[in-house]
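Participant:
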Amino acid sequence: MDILAKITDLMDRATEAGVRGVAHKTGRRSFLARMGGGLVGAALMPVLPYDRTFGTAFAATGEDEYACDYWRYCALDGNLCNSCGGTLTECPPGSETSKVSWVGTCRNPSDGKDYLVSYNDCCGRTACDNSPFCNQNVGERPGYRMGLHNDINWCMANTSQGYHCTVAVLVGIAE
């Protein structure tokens with residue numbers, strides 16, 4: 027018998043002994059249940075959220091979305107909604123998004139790309155006092171160019187024109 031046949035025979039006997047040992051300890055149904063659970067779990071792995079930056083995006087920039095120097099706020103003039111009961115992109119309860127807004131182009135330092143950011147005022151409540159007031163003016167134009175000026179109360183088109191805070195929504199990548 028040649029060496030390949032001996033190895034194959036040895037592997038067959040070891041596999042058979044292992045399978046018989048498992049069969050003596052567990053039933054078919056429990057084995058099939060575990061196998062099915064493993065397959066379902068493996069199929070769901072790609073849809074689970076996980077940090078694909080491995081912490082480098084925050085570590086590289088050192089920026090905090092609750093501070094005025096966060097990259098998305100490069101053209102923001104107002105209070106941060108995420109410090110007033112809202113989020114980075116959603117108005118706090120009891121306020122509504124302005125019907126008009128201004129757009130800035132901000133560079134994300136973690137990927138080096140420029141993004142279009144829509145700054146929407148949240149209207150209908152008094153100004154938020156427990157939030158930092160940010161006045162970033164990157165790319166701002168004179169006041170007579172309405173869509174490029176950030177010193178305007180953009181709640182003017184809403185029924186309730188009281189300014190509360192501002193959100194910064196990514197619109198897309200600038201080209």
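Convert by adding 26 to the 1-based position in the sequence shown; the result is the number in the working numbering.
Cβ atoms here follow ideal geometry from the backbone N, Cα and C, with glycine treated the same way.
Can you look up K139 in the DSSP assignment and give me helix, strand or coil?
Facilitator: The answer is strand: DSSP assigns K139 an E or B state.
Participant: Just verifying my parser: in three-state terms, what is the DSSP assignment at E116?
Facilitator: Coil at E116, not helix or strand.
Participant: Thinking just about the alpha-carbon of each residue, which of C148, D38, P135, N156 is nearest to the one in M182?
Facilitator: The shortest C-alpha separation from M182 is found at C148.
Participant: Quick check on DSSP: helix, strand or coil for R54?
Facilitator: Helix.
Participant: Is it buried or exposed for L102, if we count other Cβ within 10 angstroms and need 16 for buried?
Facilitator: Label assigned to L102: buried.
Participant: Looking only at C-alpha atoms, which of T152, R133, A153 sits nearest to A200?
Facilitator: The option with the nearest alpha carbon to A200 is R133.
Participant: Answer with buried or exposed for A68, where buried requires no fewer than 16 other C-beta atoms within 10 angstroms of its C-beta.
Facilitator: A68 should be labelled exposed.
Participant: Which same chain residues, not among the five before or five after N146, have their C-beta less than 6 Å away from its C-beta?
Facilitator: Excluding positions up to five away in sequence, the list reads T123, S124, S127, V193.
Participant: Starting from A194, trace the beta strand (DSSP E) both ways and give me its first and last residue.
Facilitator: 189-199 is the span of the beta strand (DSSP E), which, as asked, contains A194.
Participant: Buried or exposed for G120, going by 16 or more other Cβ atoms inside 10 Å?
Facilitator: Answer is exposed; the Cβ neighbour count stays below 16.
Participant: Would you tell me roughly how many angstroms separate the C-alpha atoms of A86 and S136, rounded to the nearest one?
Facilitator: Confidence in A86 is poor, its pLDDT being 45 and thus under 50, which makes the residue's placement too unreliable to answer from.
Participant: Using only alpha-carbon positions, find the residue among C154, V45, R98 that is nearest to V143.
Facilitator: The option with the nearest alpha carbon to V143 is R98.
Participant: Starting from V129, trace the beta strand (DSSP E) in both directions and tell me its first and last residue.
Facilitator: Unbroken beta strand (DSSP E) run through V129: 128-134.
Participant: Going by C-alpha to C-alpha distance, which of D95, P118, L65, K51 sits closest to P158?
Facilitator: Among D95, P118, L65, K51, the Cα nearest to that of P158 belongs to D95.
Participant: Below 8 Å on the Cβ atoms is my contact criterion, and I expect C154 with C110 to pass it. Report the Cβ-Cβ distance as a whole number of Å.
Facilitator: Sure, about 4 Å apart at Cβ, within 8 Å.
Participant: When DSSP labels each residue in this structure, what does S109 get in the three-state scheme?
Facilitator: Reduced to three states, the DSSP call for S109 is helix.
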